[in-house]
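Working notes, beginning with the structure itself.
2 protein chains.
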Amino acid sequence: MTPAALIEELQTLVEPGKVLTDADALATYGKDWTKHFAPAPSAIVFPKSVEQVQAIVRWANRHGVALVPSGGRTGLSAAAVAANGEVVVAFDYMNQILAFNEFDRTVVCQPGVITQQLQDFAEDQGLYYPVDFASAGSSQIGGNIATNAGGIKVIRYGMTRNWVAGLKVVTGTGELLELNKDLIKNATGYDLRQLFIGAEGTLGFVVEATMRLDRTPQNLTAMVLGTPDFDSIMPVLHAFQGKLDLTAFEFFSDRCLDKILARGDVPAPFETRAPFYALLEFEATTEQVADAALATFEHCVEQGWVLDGVMSQSEQQLQNLWKLREYISETIAHWTPYKNDISVTVSKVPAFLADIDNLVNSNYPDFEVLWYGHIGDGNLHLNILKPDALSKDEFFAKCATVNKWVFEVVQKYNGSISAEHGVGMTKRDYLGYSRSEAEIGYMKAIKAVFDPNGIMNPGKIFPL
Amino acid sequence: MTPAALIEELQTLVEPGKVLTDADALATYGKDWTKHFAPAPSAIVFPKSVEQVQAIVRWANRHGVALVPSGGRTGLSAAAVAANGEVVVAFDYMNQILAFNEFDRTVVCQPGVITQQLQDFAEDQGLYYPVDFASAGSSQIGGNIATNAGGIKVIRYGMTRNWVAGLKVVTGTGELLELNKDLIKNATGYDLRQLFIGAEGTLGFVVEATMRLDRTPQNLTAMVLGTPDFDSIMPVLHAFQGKLDLTAFEFFSDRCLDKILARGDVPAPFETRAPFYALLEFEATTEQVADAALATFEHCVEQGWVLDGVMSQSEQQLQNLWKLREYISETIAHWTPYKNDISVTVSKVPAFLADIDNLVNSNYPDFEVLWYGHIGDGNLHLNILKPDALSKDEFFAKCATVNKWVFEVVQKYNGSISAEHGVGMTKRDYLGYSRSEAEIGYMKAIKAVFDPNGIMNPGKIFPL
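Just so you know, the protein sequences line up as chains A and B, in that order. All residue numbers for the first sequence refer to UniProt numbering, where the first residue is 1 and numbers rise by one. All residue numbers for the second sequence refer to UniProt numbering, where the first residue is 1 and numbers rise by one.
Right, dumping it as structure tokens:
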């Protein structure tokens with residue numbers, strides 16, 4: 001069949017106008033937030049029902065066409081990039097909240113529901129959807145599930161995985177599976193739901209998800225604490241975890257703070273300078289809780305772990321303290337940073353961070369290294385700013401060397417080469433630093449079970 | 001090779017004396033808490049290391065010998081029964097806690113560590129292992145993971161799955177996999193750890209597990225509330241969940257209470273008689289929390305949802321209230337009950353329970369039906385007591401009919417035929433009531449990936 005005839009057949013499977021092949025659409029829907037790959041899909045198709053998704057997958061099987069699922073395309077690993085003539089299946093028109101159950105505290109979502117839309121819906125019901133991150137305004141639930149999205153509240157609420165009560169997926173053969181049926185307890189064999197969460201669309205596409213909600217947190221209160229060195233952050237975390245149920249424990253370096261303060265629109269947390277800062281958050285449900293937080297703060301100061309600190313006294317102050325952490329990514333984007341999203345177990349973070357710092361500083365003394373991240377769950381975001389003297393190409397060539405060092409250190413510390421951004425295409429060649437040959441072999445065999453013709457997002461997670 | 005030669009070869013793989021073939025050992029290690037199957041293993045082997053487990057699995061592959069893993073053998077689905085000449089792999093000598101990390105709050109356990117041993121160890125560290133159930137004194141961590149054990153605190157803490165940070169497994173080919181490396185965030189492809197949790201040893205054997213601990217709950221306080229009918233329990237749950245972080249929400253019927261009070265060693269919660277009782281628990285961390293609980297109780301009384309109630313004022317009273325619920329299973333064992341462990345979503349529980357009640361009462365008016373369970377997570381334990389007039393055989397013949405009805409109603413309500421006891425052999429023929437043909441097909445294909453020769457606990461989950 002000619003390419004044109006293929007597209008004509010595809011058009012019969014969906015509503016009129018729901019297959020796009022114009023250059024704008026191909027460029028827009030063919031890429032995510034990574035910029036390393038040139039988008040080159042052959043068409044974009046917008047299903048409006050589960051049946052249409054099944055028809056598209058069966059069509060792709062018949063003709064050997066590769067499919068790439070597309071949500072909010074906010075991914076940072078190129079898992080939603082179509083660079084090889086694939087057909088992009090975009091879920092923008094399957095974006096409805098279908099049902100809510102107040103007793104089960106569950107919401108049935110189509111895959112194209114925006115994260116923020118679910119958060120707002122939960123709020124309207126007096127409840128809370130706790131998975132939150134910078135791209136919540138455009139990322140979609142289907143994509144969140146495909147990447148098992150994490151973010152800033154994982155220490156308390158866990159990853160997206162924890163909030164998926166049930167899942168409808170279309171497998172690589174076009175079969176519809178209804179997984180777990182929204183049950184809390186279900187001991188009837190393998191929990192296939194778990195396989196699809198974080199599979200980056202390589203086993204099948206999420207076509208419906210029942211998400212759990214939680215009660216709304218009360219009187220969220222943040223502290224920002226300055227520490228004399230990185231190592232001090234660990235006993236601070238330990239001390240606060242022993243006294244409070246933390247909803248977040250983030251950190252950033254003084255270099256990050258400098259960039260934020262230079263913007264001019266975020267107030268400094270306090271006068272004292274410190275090389276590292278911790279941002280922690282908790283529910284100050286009662287005065288006792290706030291008192292316990294202050295007592296722990298004082299204990300940390302006495303121990304020499306904390307130089308200075310501040311606790312939010314209002315919603316406005318809470319927001320301002322969070323800006324110190326949340327604005328970092330967009331603020332440093334100006335310096336074309338090399339970025340890496342890695343994790344180790346919490347206890348190994350100080351030694352791990354020191355190792356990487358030493359490697360980079362001794363080899364590239366002109367590189368400015370910025371650290372921030374979700375220290376409470378061992379997730380570090382490493383950022384290196386491009387020196388003005390280097391061209392982009394020179395800089396990224398040197399960063400390829402850094403990449404290898406970083407992954408070697410990750411492997412040494414038994415860590416993960418991708419904490420929460422996924423593998424996609426950017427990290428597929430490095431998967432062996434985190435997963436054994438045997439594991440990768442089993443993963444490929446599982447892919448072959450659900451996607452025997454290899455049409456579901458091929459080239460993602462594993463090389464083509 | 002002759003059976004005797006096979007056993008001789010097996011003996012060379014482990015320490016002297018660690019293969020048993022005497023009748024006592026075969027009878028003891030060949031069965032779990034289910035009594036329907038006659039144990040008939042050919043030998044019991046006790047490995048003391050991961051390498052020995054690998055050697056045993058490779059030996060089984062070479063000779064086509066079926067293996068059955070054996071933990072505390074407290075299961076209720078015959079998943080650990082060896083009824084067909086299998087070799088039982090018992091983990092009793094791999095029972096050490098290998099490491100503890102206070103910053104990560106993790107404990108590295110061999111599979112034979114007893115649940116209670118882990119709970120006590122956690123307590124010694126000032127921490128808490130929250131998965132708890134009646135058989136905690138003899139069940140083993142490996143078995144808990146293989147069945148994804150639940151219990152009485154699931155509403156707050158979730159199943160065993162939530163507490164497994166990392167897992168070492170030996171697959172059906174004898175390969176050792178180190179899954180997830182104890183990381184909180186790890187987005188590097190399929191989370192194979194999740195597949196082995198709840199797989200009942202059919203994909204591989206757990207040989208080491210890193211379990212997470214939590215902070216110790218503070219001032220646990222229980223309430224027992226009498227309700228005028230079952231339906232009233234739901235708004236009571238809803239009201240309390242809106243105000244408190246519940247650590248448990250259990251229920252039992254008046255018939256259960258009668259049996260408990262007849263023992264003579266547990267005090268009545270209060271004078272008022274009620275057809276149903278809810279037991280809820282929360283952390284009374286401050287007076288405000290206790291006040292909120294009492295205000296909610298009063299609200300429930302005003303609404304007519306609650307007839308009477310009591311709140312524990314001491315550790316002793318807390319224990320006594322829990323006995324009303326926890327003693328049920330052993331107390332009614334005297335009446336040779338038909339038991340079933342099923343679940344639906346919480347909101348469907350009243351209609352589901354009424355349907356089953358009607359079916360049983362109208363067809364077998366002489367049957368005494370006792371309900372209790374974990375209502376907060378939709379998990380009901382249905383118990384029918386044997387009438388004195390019926391022989392065991394007559395009773396269980398009629399119960400086979402009841403089984404079918406129950407599973408049909410479960411299917412109608414999109415529920416689970418096994419909430420937390422697993423499939424094993426007792427429910428394998430009914431799996432289709434909860435999982436589709438396509439799902440079962442995919443599960444079998446996954447089993448073939450990890451256990452190509454079908455030697456790992458064959459006949460469990462799926463028929464032989």
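All C-beta atoms in this analysis are idealised placements derived from N, C-alpha and C, irrespective of residue type, glycine included. In this text, all values refer to a predicted model and were calculated from it rather than measured experimentally.
Kindly list, in the order they appear in chain A, the residues whose Cβ is closer than 9 angstroms to that of B:MET234. Residues of chain A passing the Cβ test: PHE103.
Member of B:GLY72, B:ILE97 and B:GLN303 whose CA lies at the smallest distance from the CA of B:ALA149: When only C-alpha atoms are compared, the closest one is B:GLY72.
With DSSP as the reference, please indicate the residues paired to B:PHE282 in a beta bridge. DSSP output for B:PHE282 lists B:THR221 and B:LEU246 as bridge partner(s).
Amino acids of chain A, ordered along the chain, whose beta-carbon sits closer than 7 angstroms to that of B:ILE417: Per Cβ cutoff of 7 angstroms: THR188.
Going along the chain, which unbroken runs of the beta strand (DSSP E) with 3 or more residues stay wholly within the region 268–321 of chain B? If we require 3 residues or more, the beta strand (DSSP E) runs fully inside the region 268–321 of chain B come out as 276–283 and 308–311.
Starting from the beta carbon of A:LYS31, find every residue of chain B whose beta carbon is closer than 8 angstroms, and list them in chain order. The contacting residues do not exist; A:LYS31 stays about 20 angstroms from chain B at best.
Outcome for B:HIS374 when other beta-carbon atoms lying within 10 angstroms are tallied against a minimum of 16: Per the 10 Å Cβ criterion, buried.
To the nearest angstrom, how far is it from the Cα of A:ALA397 to the Cα of A:GLY378? Straight through space, the alpha carbons of A:GLY378 and A:ALA397 are spaced by roughly 28 angstroms.
Using alpha carbons as the reference points, say which of B:ALA55, B:GLY201, B:VAL164 and B:ALA122 lies closest to B:GLY422. Comparing Cα-Cα distances from B:GLY422 to each of B:ALA55, B:GLY201, B:VAL164 and B:ALA122, the minimum goes to B:GLY201.
Hey, how far is the Cα of B:VAL81 from the Cα of B:GLY376? Rounded to the nearest angstrom, the two C-alpha atoms are 31 angstroms apart.
Is the separation between the beta-carbon of B:VAL449 and that of A:ILE446 shorter than 8 angstroms? Closer than 8 angstroms, so yes.
Can you pull the chain A residues whose beta carbon is under 9 angstroms from the beta carbon of B:GLN303, in chain order? Result: empty, since nearest Cβ-Cβ is about 16 angstroms, beyond 9 angstroms.
Who are B:TYR372's beta bridge partners in DSSP? Looking at the DSSP output, B:TYR372 bridges to B:PHE252 and B:HIS381.
Against chain B, with Cβ distances strictly below 8 angstroms, would A:GLU123 count as a contact? Cβ-Cβ to chain B under 8 angstroms: no for A:GLU123.
What are the boundary residues of the beta strand (DSSP E) that B:ALA165 is part of? Looking at the DSSP string, the run of the beta strand (DSSP E) that includes B:ALA165 is 164–171.
Counterpart residues of A:CYS109 in DSSP-defined beta bridges: For A:CYS109, DSSP records a beta bridge to A:ILE97 and A:ALA209.
Give me, in chain order, the residues of the same chain whose beta-carbon lies closer than 6 angstroms to that of B:ASN457; leave out the 5 immediate sequence neighbours on both sides. Correct list, in chain order: VAL68, GLY201 and THR202.
Leaving out five residues on either side along the sequence, give the residues of the same chain with a beta carbon under 7 angstroms from the beta carbon of A:LYS348. Shown here for A:LYS348: same chain residues with a beta carbon closer than 7 angstroms to its own, the five before and five after excluded, namely TYR413 in chain order.
Residues near residue 465 of chain A in its chain [Cβ-Cβ closer than 6 angstroms; skip 5 each side]: As displayed, chain A neither begins before 1 nor continues past 464, which places residue 465 of chain A out of reach and without an answer.
With 16 other CB atoms within 10 Å as the buried threshold, where does B:MET443 fall? By the neighbour-count rule (16 or more Cβ atoms within 10 Å), B:MET443 is buried.
Could you check whether B:SER418 and B:SER70 sit closer than 8 angstroms to each other, using their CB atoms as the reference points? No.
Chain A contact for B:GLY198 (CB, 8 angstroms cutoff): The Cβ of B:GLY198 sits closer than 8 angstroms to at least one Cβ of chain A.
Tell me, please, whether the CB atom of B:THR401 is closer than 8 angstroms to any CB atom in chain A? With a threshold of 8 angstroms between beta carbons, B:THR401 makes no contact with chain A.
Using only the alpha-carbon positions, how far apart do B:THR173 and B:VAL65 sit? Approximately 13 angstroms, taken between the alpha carbons.
Taking C-beta pairs closer than 7 angstroms, name the residues in chain A that B:THR227 reaches, listed in chain order. In chain order: nothing, as chain A lies at least about 16 angstroms away.
Name the chain A residues that come within less than 7 angstroms of B:ARG435, Cβ to Cβ? Against chain A, the beta carbon of B:ARG435 has neighbours under 7 angstroms at THR188 and GLY189, listed in chain order.
In chain order, what residues of the region 263–289 of chain A put their CB closer than 9 angstroms to some CB of chain B? Those residues of the region 263–289 of chain A that come within reach of chain B (Cβ to Cβ, closer than 9 angstroms) are THR285, THR286, GLU287, GLN288 and VAL289.
Option in A:ARG263, A:GLN317, A:THR247 and A:SER49 with minimal Cα separation from A:VAL154: It is A:THR247 whose Cα lies nearest to the Cα of A:VAL154.
Every unbroken beta strand (DSSP E) inside the region 9–60 of chain B [3 residues or more]: Counting only runs of 3 or more, we get 43–45.
Decide yes or no for the touch test of the region 380–387 of chain B against the region 262–269 of chain B: beta carbon pairs closer than 8 angstroms, at least 3 of them. When C-beta atoms of the region 380–387 of chain B are compared with those of the region 262–269 of chain B, fewer than three pairs fall below 8 angstroms, so the two segments do not count as touching.
What does B:ILE375 touch in chain A if you count any residue whose Cβ is under 9 angstroms from its own? Result: empty, since nearest Cβ-Cβ is about 11 angstroms, beyond 9 angstroms.
Determine, using beta carbons only, whether A:ALA79 and A:GLY304 come nearer to each other than 8 angstroms. Cβ distance not < 8 angstroms, so A:ALA79 and A:GLY304 don't count as in contact.
Please state whether DSSP places B:GLU439 in a helix, a strand or coil. Helix at B:GLU439.
Below 8 angstroms CB to CB, which residues in the same chain sit around A:ASP229 once its five sequence neighbours on both sides are set aside? Within the same chain, A:ASP229 has close Cβ partners PRO275 and PHE276.
Within the 8 angstroms Cβ cut-off, does A:HIS238 reach chain B? Yes - at least one Cβ of chain B is within 8 angstroms of the one on A:HIS238.
Within the continuous beta strand (DSSP E) that includes A:GLU330, where are the two ends? That residue, A:GLU330, is in no beta strand (DSSP E); its alpha helix (DSSP H) goes 328–332.
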